[in-house]
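S.K.:
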Amino acid sequence: MSRQPLVAGNWKMHKTVAESEAFIQGLLPRLTTADNVDVVICPPFTSLEAMVDSTRGSRVEVYAQNMHEEGSGAFTGEISAAMLSELDVHGVILGHSERRAYFGETDEALSNKVVAALEAGLAPMLCVGETDEEREAGTTEDRLRIQITEGLSRIDDAQLASVAIAYEPVWAIGTGKVATSEQAQEACAFIRSLIAERSEEAAAAVRILYGGSAKPDNAAELLALADCDGLLIGGASLDPESFGDMVAAG
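For the record, in the sequence shown the residue sitting at position 6 is 6 according to UniProt numbering, with numbers rising by one throughout.
What follows is the structure, encoded as structure tokens:
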């Protein structure tokens with residue numbers, strides 16, 4: 001099965017609304033020839049509505065960087081799936097390693113978020129990955145199995161293909177380190193094998209992304225891997241020229 005590449009830019013806590021709009025004006029002209037790649041930007045909550053409006057009618061889809069698992073309640077500072085859906089946001093990142101590390105997000109909570117996102121019509125992008133200590137200890141596959149198995153435990157096999165999975169080795173995020181092509185392919189292939197344990201059909205369809213200091217000079221190499229269907233880009237997505245070049249690599 002042919003899987004359309006997906007290149008996503010996670011802006012994290014960067015860009016005001018004005019800066020976000022300027023970015024889009026710089027990016028859109030660069031996407032005229034890359035019609036075989038799905039393009040996603042993940043701005044801060046404050047820029048979501050402006051970005052949905054600015055990209056309407058274009059090939060760019062807008063994702064949020066997080067959401068709460070509950071539909072409503074006394075959760076100060078949180079955003080629900082319904083709130084995102086009302087803005088015409090297309091999808092949402094779930095379980096980014098920074099959320100896991102800084103905010104204590106658990107696989108159980110993420111399984112609830114995956115369900116809530118799908119019920120609201122949002123496309124979930126579930127992030128998984130191992131720490132440097134886990135890789136050195138040879139437990140990368142153990143960690144990935146737990147994160148995938150538990151994170152997707154509350155959805156049925158027919159829903160699996162609707163979830164993109166981003167493999168982000170924690171030791172490579174924001175460090176300048178990048179997994180070798182062999183390491184990235186090995187991890188992405190293992191993730192696909194975990195999905196295949198539940199559904200061969202879903203495994204053939206699900207898109208698996210690499211995230212971890214991806215840059216224009218290694219994008220094409222990563223996207224050429226058999227089981228890497230896209231990129232989740234951090235710092236290199238903040239510049240429209242850099243991000244546009246990485247989209248073109250797909």
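Cβ atoms here follow ideal geometry from the backbone N, Cα and C, with glycine treated the same way.
Confirm, please, whether the CB-CB distance from alanine 166 to cysteine 127 is below 7 Å.
M.R.: Yes, the pair counts as a contact, with Cβ atoms nearer than the cut-off.
S.K.: Distance check for valine 60 and isoleucine 148, CA to CA, integer angstroms please.
M.R.: 27 Å
S.K.: Please classify glutamate 105 as buried or exposed, where buried requires at least 16 neighbouring CB atoms within 10 angstroms.
M.R.: buried
S.K.: Residues in its own chain within less than 6 Å of lysine 215 by CB, not counting five upstream and five downstream?
M.R.: Ala236
S.K.: Opposite alanine 64 in the DSSP bridges: which residues?
M.R.: Val92
S.K.: So leucine 223 and leucine 232 are supposed to be a Cβ contact under 8 Å. How far apart are they, rounded?
M.R.: The pair is not a contact, with the Cβ atoms about 12 Å apart (cut-off 8 Å).
S.K.: Could you have a look at isoleucine 155 and say whether DSSP puts it in helix, strand or coil?
M.R.: coil
S.K.: Starting from the C-beta of alanine 203, find all residues in its chain whose C-beta is less than 6 Å away, skip the five residues before and the five after it, and write them out in chain order.
M.R.: Arg192, Ile195, Ala196
S.K.: If you follow the alpha helix (DSSP H) that aspartate 53 is part of, which residue opens it and which one closes it?
M.R.: 48-55
S.K.: Determine the DSSP secondary structure at isoleucine 24, reduced to helix, strand or coil.
M.R.: helix
S.K.: Contact defined as beta carbons within less than 8 Å: I believe valine 62 pairs with histidine 90. What is the distance between those atoms, to the nearest angstrom?
M.R.: 6 Å
S.K.: Kindly indicate which three-state DSSP category cysteine 228 falls into: helix, strand or coil?
M.R.: coil
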